[in-house]
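Asks: Numbering (the numbering used here), first residue to last: -10 to 173.
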């Protein structure tokens, strides 16, 4: 076998120096602007978070509103550029990279669908609990109101009965007094 002069080939196809180490450091670039132009989704979200987490002289609600107003118009273009970059990255790789992107996308879609269904279930359960508690409080208030009005009715009937008794007694006493006075 013929040996090369100090340069061998690594398992990933990159030329090596025979030392077994990594020949150069791996460089990760977090540039918010893509080579094709425009902002990525990452840069828009980073700017939004930076606007919200800025020093606190304005109120949190003002910072949220301001950051959302600045980021919202840029989101559509950022999504389009990020999707284009993902498509180009997928096409540059082989079929395994495409399978990886499809798998991650499917898993993400399923996870978000599960999260959405859980949130909808939680929202419906919360709304149901609010409605049931409202009906229970109305029933309880209705029960208290029924007892209150029953007591009020009993007091009214008692007052009317007392008035009827007094008026009847006064009327009968007047009739008896008239009979005695006339001598009949």
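Backbone N, C-alpha and C define an ideal beta-carbon position, used for all residues, glycine too. All of these numbers come straight from a predicted model, not from anything done at the bench.
With a Cβ-Cβ cutoff of 8 Å, do residue 97 and residue 71 count as a contact?
Replies: Position 108 of the chain shown, counted from the first residue, corresponds to residue 97. Position 82 of the chain shown, counted from the first residue, corresponds to residue 71. In this structure, residue 71 does not lie closer than 8 Å to residue 97 by Cβ.
Asks: Residue 176 and residue 38: beta carbons closer than 8 Å?
Replies: A query on residue 176 cannot be resolved here, the shown segment of the chain reaching from -10 to 173 and no further.
Asks: Could you tell me how far apart the beta carbons of residue 57 and residue 36 are, in whole angstroms, since I believe they sit closer than 8 Å?
Replies: Counting from 1 along the chain shown, the entry for residue 57 is found at position 68. Counting from 1 along the chain shown, the entry for residue 36 is found at position 47. Contact flag wrong, Cβ pair sits at about 11 Å.
Asks: Taking the runs of the alpha helix (DSSP H) that are 4 residues or longer, which of them lie wholly in the segment 16 to 83?
Replies: Correct list: 30 to 41, 49 to 81.
Asks: Between residue 33 and residue 76, which are expected to be in contact by the criterion C-beta below 8 Å, what is the C-beta distance as a whole number of angstroms?
Replies: As a first step, residue 33 must be located in the chain shown, where it is residue number 44. As a first step, residue 76 must be located in the chain shown, where it is residue number 87. With a Cβ gap of about 19 Å, residue 33 and residue 76 do not count as contacting.
Asks: Counting only runs that start and end within the segment 105 to 168, where is the beta strand (DSSP E) found for 3 or more residues in a row?
Replies: Runs of the beta strand (DSSP E) inside the segment 105 to 168: none found.
Asks: Pull up the CB-CB distance for residue 95 and residue 86, whole angstroms please, since I reckon it's below 8 Å.
Replies: Here residue 95 is taken as the residue at index 106 of the chain shown, counted from 1. Here residue 86 is taken as the residue at index 97 of the chain shown, counted from 1. Actually they do not touch by this definition, with Cβ atoms about 15 Å apart.
Asks: My understanding is that residue 27 touches residue 66, with C-beta atoms under 8 Å, so please give their C-beta distance in whole angstroms.
Replies: By 1-based counting over the chain shown, the position of residue 27 is 38. By 1-based counting over the chain shown, the position of residue 66 is 77. Contact flag correct, Cβ pair sits at about 6 Å.
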